[in-house]
Amino acid sequence: MEEVEIPELLKQFSEGLIAKQRPYVSIKATALDCELDKDPLGVKSSKFLGVPFVPEGMEYPTDKNDDPLVLIAQINFSELPSLEGFPNEGILQLYFSTKEWWDMSGAEKIIYITGAELNEPQRSDLPSIDNNLYEELPVWKIHKLEYAKAIDTGSSEDCQFSFNFGGKDYWDFEESLTEDDKIIFDGYFSGEGHKVGGYADFTQSDPRDYADDQRNDIQLLQIDVDEEIMFGDSGIGHIFISPEHLKNREFEKSYFYWDCC
């Protein structure tokens, strides 16, 4: 894990900024040139889209109309570098309905498959999903995922990040900079990218900022804009969970959120 160099314009705040840094796992998502119904990745592999691992003892997830959901993201924690507080085994899955996935009121489902359940055989009767039903989803191609441990320096949009820049808040300090320095400043605190953990980036605002019982919730997953990925108009998708539920591995109590321009 490489150290993050603090820009010259922020060197005077080095001690405080280092204290704000968070380790996270960066995700490199590579779109595969294959048909949506011809996933070349293993069923237990980390991926965006593709065939999920569904143990024999688990029902395939469906929506309120009993139509099969589509796998959007599958994160196999055994493939990740170790991240404090996060599992070292098991699979986190995010599913969407092919109808009105954007509704955020039951059109999505988050599932955690334990390490023990990974020893079960794969269900042999997975539903066939018409490729045309993928057209309205925010991920358009199957992606292979690769991971690297990294350091998050902050995010201007994350309600958990605040900093006193010599008596000025983020926006007032930014306003005092030259245009060139603003680019460096905003880049250092962007929070962008696909990631597990770390600070969150938003196109509008952080929903945790409006609910006292969610202000300390942890980002499990961020899916950012990419060549073959976009939530609405340049939007970003997230899964959040409370520290207590993460500690107890109660991933069924995590929740999905997305916003766009």
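Residue numbers (my numbering): 58 to 318. We put the CB at the ideal spot given by N, CA and C, even for glycine.
query: Burial state of N145 (16 or more Cβ within 10 Å); result: exposed
query: Q179 versus I168 - alpha carbon distance; result: 15 Å
query: CB contact flag (Q110, Q78, <9 Å); result: Reading off the sequence shown, one finds Phe at residue 110, where the question assumed Gln. No.
query: Continuous alpha helix (DSSP H) stretch holding S135: start and end; result: Here S135 belongs to no alpha helix (DSSP H), and DSSP marks it neither H nor E.
query: Bounding residues of the alpha helix (DSSP H) (the contiguous stretch that carries I75); result: S71 to K77
query: Inter-residue Cα distance where the pair is G294 and E113; result: 29 Å
query: Reduced DSSP secondary structure (H/G/I, E/B, other) of I240; result: helix
query: D229, buried or exposed, once every other Cβ within 10 Å from all chains shown has been counted against 16; result: exposed
query: Straight-line Cα distance separating P300 from F222; result: 28 Å
query: Beta-ladder partner(s) of K198, from DSSP; result: BP columns for K198 are empty, so no partner.
query: Pick from D274, E65 and G107 that is closest to D187, judged by C-alpha positions; result: G107
query: Proximity winner among P195, D182 and Q69, relative to L128 (alpha-carbon distances); result: P195
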